[in-house]
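K.L.:
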DNA sequence: CAGTATCCTATGAGATACTG
DNA sequence: CAGTATCTCATAGGATACTG
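Residue numbers (the numbering used here), protein chains in the order written: chain A, 330 to 451; chain B, 330 to 451.
(1) Please classify residue 408 (chain A) as buried or exposed, where buried requires at least 16 other C-beta atoms within 10 Å of its C-beta.
(2) Using a 10 Å radius around the Cβ and a threshold of 16 neighbouring Cβ atoms, would you call residue 344 (chain A) buried or exposed?
(3) Do you know how far the Cα of residue 420 (chain A) is from the Cα of residue 430 (chain B)?
(4) Give the interface partners of residue 388 (chain B) over in chain A, defined as CB-CB distance under 8 Å, in chain order.
(5) Of all the CB atoms in chain B, is at least one closer than 8 Å to the CB of residue 445 (chain A)?
(6) How would you call residue 360 (chain B), buried or exposed, if buried means at least 16 neighbouring beta carbons within 10 angstroms?
(7) Please decide whether residue 366 (chain B) counts as near chain A, where near means a Cβ-Cβ distance under 8 Å.
(8) Quick one: what's got a C-beta closer than 6 Å to residue 384 (chain A)'s C-beta in the same chain, skipping five residues either side?
(9) As an exercise, report each continuous alpha helix (DSSP H) stretch of at least 4 residues that is fully enclosed by the segment 415-439 of chain B, in chain order.
(10) So for residue 409 (chain B), helix, strand or coil by DSSP?
(11) Is the CB of residue 354 (chain B) under 8 Å away from at least one CB in chain A?
(12) Could you give the residue range of the alpha helix (DSSP H) that holds residue 383 (chain B)?
(13) Using beta carbons (cut-off 8 Å, strictly below), is residue 408 (chain B) in contact with chain A?
(14) Report all residues from its chain with a CB closer than 6 Å to the CB of residue 375 (chain A); omit the five preceding and five following residues, and keep chain order.
(15) Using the Cβ count rule (16 or more neighbours within 10 Å means buried), how would you classify residue 402 (chain B)?
(16) On the three-pair Cβ rule with 8 Å, is the segment 386-401 of chain A touching the segment 423-442 of chain A?
(17) Mapping the DSSP letters down to three states, classify residue 402 (chain A) as helix, strand or coil.
(18) Around the C-beta of residue 434 (chain B), are 16 or more other C-beta atoms found within 10 angstroms, so that it is buried, or is it exposed?
(19) Determine the burial state of residue 367 (chain B): buried for a count of at least 16 other Cβ atoms within 10 Å of its Cβ, exposed for fewer.
(20) What is the DSSP secondary structure of residue 336 (chain B), counted as helix, strand or coil?
(21) Which residues in the same chain have their Cβ closer than 6 Å to the Cβ of residue 392 (chain A), if we skip the five residues on either side of it in sequence?
(22) Considering only C-alpha positions, which residue in the set B:396, B:411, B:423 is nearest to residue 417 (chain B)?
(23) Under DSSP, the alpha helix (DSSP H) around residue 366 (chain B) begins and ends at which residues?
(24) Cutting at 8 Å between CB atoms, please list the residues of its own chain near residue 336 (chain B), excluding the five before and the five after it.
(25) If you follow the alpha helix (DSSP H) that residue 350 (chain A) is part of, which residue opens it and which one closes it?
(26) Straight-line CA distance for residue 386 (chain B) to residue 445 (chain A)?
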């Protein structure tokens, strides 16, 4: 198969995708939506530390990229559900592997930093 | 096993790791170092569009995090090799899956954006 | 060759307060 | 409940030029 996309190439669209993935909150949104549709307030409380403004921005961008679906229910009080699209679900797997790696190896990284900083100051 | 690390938790070190991974050039460095030790100038030419300043910054951070090893050869002209450490190699796999996804699905993302933008302007 | 040194700016992101 | 509206700021990152 010929994808003709190469991240190493400048101006390649895949770089934009990579950057999107690599924004501060997007991976956490994937994690929060892992189990199915979730309401805004729930996403917000699941992802510790995110402000509503930034969360909305992140969700909108993911929606625009076709990775998240936003469903508005005509109710009072309002209810809005967010869920991963089929495309978003295919990204969940590799993204989750990175997350798992981060959780499993965070300690090693911190140790390496300590070593490096000690070496610098000596 | 009890990792006790959770990306959804604020102040969790794994978040820092995730952010590091998600910086603009780091994933491309992994890609560039995929095949073994590479000299600085080679990394630079492999990753289209990166400036020497930013590349140095990225490499230094990855070195500090124990993901990349920097080897200086006492030669004139100077020669410096960069390569993934064993820890870095374990990260290469999940990261490469994300890259592959990005290259494979960049077109879908771009389409989704067009659809979304059309819908907004209508 | 392998970087530094400066300068500069866009923007990601936080804090805070308000609303249909 | 599900967001907006402002304001503000740090810093990631780019452009350019220089050096051991």
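From the three backbone atoms N, C-alpha and C, an ideal C-beta is built for every residue, glycine too.
P.N.:
Looking at the atomic coordinates:
(1) Taking the first chain and counting its residues from 1, the one referred to as residue 408 (chain A) is at position 79. Around the beta carbon of residue 408 (chain A), a 10 Å sphere encloses fewer than 16 other beta carbons of the protein chains shown; the residue is thus reported as exposed.
(2) On the first chain, residue 344 (chain A) is found 15 positions in, with the first residue counted as 1. Its Cβ being crowded by 16 or more others within 10 Å, residue 344 (chain A) is buried.
(3) Your numbering for residue 430 (chain B) matches position 101 in the second chain. Your numbering for residue 420 (chain A) matches position 91 in the first chain. When rounded, the distance between both Cα atoms is 7 Å.
(4) Position 59 of the second chain holds residue 388 (chain B). Correct list: empty, because the minimum Cβ distance to chain A is about 13 Å.
(5) Start at 1 with the first residue of the first chain, and residue 445 (chain A) comes out as number 116. Chain B contact via Cβ: present.
(6) Numbered from its first residue, the second chain carries residue 360 (chain B) at position 31. Burial call: buried.
(7) Counting from one through the second chain, the residue named residue 366 (chain B) turns up at place 37. Closer than 8 Å: no.
(8) Against the first chain, residue 384 (chain A) aligns to sequence position 55. So the list reads 373, once near-sequence residues are dropped.
(9) List check, alpha helix (DSSP H) in window: nothing returned.
(10) Reading the second chain from its first residue, position 80 is the one you call residue 409 (chain B). Strand.
(11) Stepping through the second chain from its first residue, residue 354 (chain B) is reached at position 25. No, residue 354 (chain B) does not count as interfacial toward chain A.
(12) One-based indexing of the second chain puts residue 383 (chain B) at position 54. From DSSP, the alpha helix (DSSP H) with residue 383 (chain B) extends over 381-393.
(13) Translated into the one-based positions of the second chain, residue 408 (chain B) becomes position 79. Answer no: the Cβ-Cβ gap between residue 408 (chain B) and chain A never drops below 8 Å.
(14) In the first chain, the residue the question calls residue 375 (chain A) occupies position 46. 361.
(15) The sequence position of residue 402 (chain B) within the second chain is 73, counting from 1. By the neighbour-count rule (16 or more Cβ atoms within 10 Å), residue 402 (chain B) is not buried but exposed.
(16) The segment 386-401 of chain A vs the segment 423-442 of chain A: no contact.
(17) In the first chain, the residue the question calls residue 402 (chain A) occupies position 73. If DSSP states are grouped into helix, strand and coil, residue 402 (chain A) belongs with the strands.
(18) For the purposes of this step, residue 434 (chain B) is taken as residue 105 along the second chain, with counting starting at 1. Residue burial annotation: residue 434 (chain B) is buried, with at least 16 other C-beta atoms found within 10 angstroms of its C-beta.
(19) As a position in the second chain, residue 367 (chain B) is number 38, starting the count at 1. With 16 or more other Cβ atoms within 10 Å, it is buried.
(20) Taking the first residue of the second chain as position 1, residue 336 (chain B) is located at position 7. Secondary structure at residue 336 (chain B): coil, using DSSP grouped into helix, strand and coil.
(21) Along the first chain, one-based indexing puts residue 392 (chain A) at 63. The beta carbon of residue 392 (chain A) sits closer than 6 Å to those of 399, all from its chain and outside the five residues before and after it, given in chain order.
(22) Taking the first residue of the second chain as position 1, residue 417 (chain B) is located at position 88. Nearest of B:396, B:411, B:423 to residue 417 (chain B), Cα basis: B:396.
(23) For the purposes of this step, residue 366 (chain B) is identified with residue 37 of the second chain, where counting begins at 1. Counting along the chain, residue 366 (chain B) falls outside any alpha helix (DSSP H), and DSSP gives it neither H nor E.
(24) Within the second chain, the letter at position 7 stands for residue 336 (chain B). 343, 344, 347, listed in sequence order.
(25) Here residue 350 (chain A) is taken as the residue at index 21 of the first chain, counted from 1. Taken as a continuous stretch (DSSP letters only), the alpha helix (DSSP H) holding residue 350 (chain A) covers 342-350.
(26) Within the second chain, residue 386 (chain B) is the residue found at index 57, counting from 1. Within the first chain, residue 445 (chain A) is the residue found at index 116, counting from 1. If you take the alpha carbons of residue 386 (chain B) and residue 445 (chain A), they lie about 15 Å apart.
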